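Trainee: Quick one: this structure, given as structure tokens, is what I'll be asking you about.
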Amino acid sequence: MARKKTLKLATFNVNGIGTRLPNLLEWLAHETPDIVALQELKATDEAFPAAEIEAAGYGAIWHGQRAWNGVALLGRGVEPVESRRGLPGDLDDAQSRYIEAAVHGIIVGALYLPNGNPQPGPKFDYKLAWMQRLQRHAKTLVDLEHPAALVGDFNVIPTDNDVYDAKAWKKDALIQPEVRQAYFDLLAQGWTDALAEVFGDEQVFTFWDHFRQHAERDRGLRIDHLLLNPVLAGGLESVGVDRWVRLQPRASDHAPTWVELRR
DNA sequence: ATGGCTTGCACCGCAAGA
């Protein structure tokens with residue numbers, strides 16, 4: 001088999017890997033991403049469908065949790081080499097929201113950042129604290145001479161251009177100024193927001209809620225992000241969102257979002 | 001300005017998502 005000239009790195013909030021497994025497998029077969037970060041497994045470690053994922057041609061590591069959260073990393077034809085599970089900085093944090101591994105020569109931090117609603121309140125405080133911890137850990141990755149990426153559901157609407165109607169989301173945790181500031185502080189370490197880089201002012205969404213046919217009408221948010229360190233950003237070839245997955249029956253409310261990188 | 005929908009869990013309603 002001829003070696004592809006590019007490598008496709010994707011992130012997908014599946015919103016329950018139990019119910020969404022057929023959608024996930026169809027997407028994997030159709031788009032053949034090389035590296036995949038999954039969020040919101042909503043399944044215990046025991047319930048993760050490892051056999052089906054393996055049969056689809058992917059090695060996997062996962063960090064599950066009953067009912068909520070849960071993250072995984074898949075490698076097409078390879079086993080991810082795990083370097084970390086759980087974000088450092090709070091030993092009492094029991095939520096499964098971070099897993100990191102070397103996959104196809106890239107160190108990938110896969111994250112499911114807390115939603116933070118309702119705000120203000122303890123959940124919003126947890127979100128801000130989590131972003132501070134992420135920023136500290138990200139600093140150890142951004143300056144590596146090795147390719148590194150931070151990808152996942154960030155639950156951050158970076159700018160008003162990343163939402164169909166900023167006014168309708170004004171009170172939401174995803175759009176608050178301190179959340180945006182924390183996101184841009186993270187980028188300022190030297191990360192490239194790949195979709196923002198390529199799309200510029202053109203609107204692109206990765207999430208559409210279940211109300212008022214927002215998916216069909218393309219009224220969404222851009223909250224799933226792929227951040228590349230400088231070494232990796234030099235190889236950025238293209239980006240995209242597989243919106244067709246969101247329009248399938250019984251779909252997740254997120255669509256797979258990806259970058260293609262020169263090898 | 002509000003509510004609109006979907007899922008998991010476990011039990012027919014509630015919490016959580018974004």
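Once you know that position 65 of the first sequence is 65 in the UniProt record's numbering, the rest is easy, because the numbers rise by one and skip nothing.
Cβ atoms here follow ideal geometry from the backbone N, Cα and C, with glycine treated the same way.
All values derive from a computational prediction rather than experimental measurement.
Quick one: what's A56 bridged to in DSSP?
Mentor: Its beta-bridge partners do not exist; DSSP assigns none.
Trainee: Find the nearest neighbour of G190 within the set L261, G77, V142, judged by alpha-carbon distance.
Mentor: Measuring from the Cα of G190, the nearest candidate turns out to be V142.
Trainee: Quick one: what's got a C-beta closer than 6 angstroms to R85's C-beta in the same chain, skipping five residues either side?
Mentor: Same-chain partners within the cutoff: H63, I99.
Trainee: Return the Cβ separation of W130 and P114 in integer angstroms, given the expectation that the two are a contact with Cβ distance under 8 angstroms.
Mentor: Confirmed, Cβ separation roughly 5 angstroms.
Trainee: What is the rounded straight-line gap between the Cα of K42 and the Cα of I223?
Mentor: Roughly 19 angstroms between the two C-alpha positions.
Trainee: So, V231 versus K8, is the Cβ gap smaller than 9 angstroms?
Mentor: Result no, Cβ atoms of V231 and K8 do not sit closer than 9 angstroms.
Trainee: Determine which residues share a DSSP beta bridge with V179 and list them.
Mentor: V179 is not bridged to any residue.
Trainee: With distance defined between alpha-carbon atoms, name the residue in W68, A10, H254, P158 nearest to H104.
Mentor: With distances taken between Cα atoms, H104 lies closest to A10.
Trainee: Relative to the alpha-carbon of A101, which residue among V14, L74, L28 has its alpha-carbon at the smallest distance?
Mentor: Residue L74 is the option with its Cα nearest to A101.
Trainee: Provide the residue(s) that pair with L9 in DSSP beta bridges, ordered along the chain.
Mentor: L9 is bridged to I35, V259.
Trainee: Just to confirm before moving on: does the CB-CB distance between D34 and R76 stay below 9 angstroms?
Mentor: Their beta carbons are under 9 angstroms apart, which means D34 touches R76 by this criterion.
Trainee: By DSSP, does I106 sit in helix, in strand, or in coil?
Mentor: Strand at I106.
Trainee: Could you give the distance in angstroms between the alpha-carbon of T44 and the alpha-carbon of N15?
Mentor: Those two C-alpha atoms are separated by around 14 angstroms.
Trainee: Please say whether A56 and L28 have beta carbons closer to each other than 9 angstroms?
Mentor: Yes.
Trainee: On the three-pair Cβ rule with 8 angstroms, is the stretch 238 to 249 touching the stretch 200 to 218?
Mentor: Because the criterion of three Cβ pairs below 8 angstroms is met, the stretch 238 to 249 and the stretch 200 to 218 touch.
Trainee: Just to confirm my understanding: we take S238, look at its own chain, exclude 5 residues before and 5 after, and list those with CB closer than 6 angstroms. What are they?
Mentor: Around S238: E260.
Trainee: Please report the distance separating the alpha-carbon of residue 312 from that of E197.
Mentor: Because the chain spans 1 through 263 in this model, residue 312 falls outside it and cannot be assessed.
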